[in-house]
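Input: a single structure, listed below in structure tokens.
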Amino acid sequence: MVNQAELTALLDELKKINARLDKLEEVTATLQQELHNRDLTPHIRNHTVDEIKPDDLPTFEGDGDLKTNLD
30 MVNQAELTAL LDELKKINAR LDKLEEVTAT LQQELHNRDL TPHIRNHTVD EIKPDDLPTF
90 EGDGDLKTNL D
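Position in the sequence shown (from 1) plus 29 gives the number in my numbering.
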């Protein structure tokens, strides 16, 4: 059996949890709205695998001067 003091303490904790849940719902709604309003165009640095070809990358065979290949 729960006494009156324990019940009151439990109700107070539930009120705190409820207030936090309300705040989380507000934050979630705000984030969803911001995500919806975002510009959906891809950024310049977003490349797909098909856009980057191995031939586009510099090669280094290991012979010769390393500094020459890094310039």
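Cβ coordinates follow ideal geometry from the N, Cα and C atoms, glycine included. Values in this document were obtained by computation on a predicted structure and should not be read as measured data.
For this session: Classify T37 as helix, strand or coil using the three-state DSSP reduction.
Result: Of the three classes helix, strand and coil, the one that applies to T37 here is helix, per DSSP.
For this session: Would you kindly work out how many angstroms separate the C-alpha atoms of E63 and Q33, rounded to a whole number?
Result: When rounded, the distance between both Cα atoms is 45 Å.
Exercise. Mapping DSSP to helix, strand and coil, what is N47?
Worked result: Three-state result, N47: helix.
Exercise. What's the C-alpha gap between E35 and H65?
Worked result: Approximately 45 Å between the Cα atoms of the pair.
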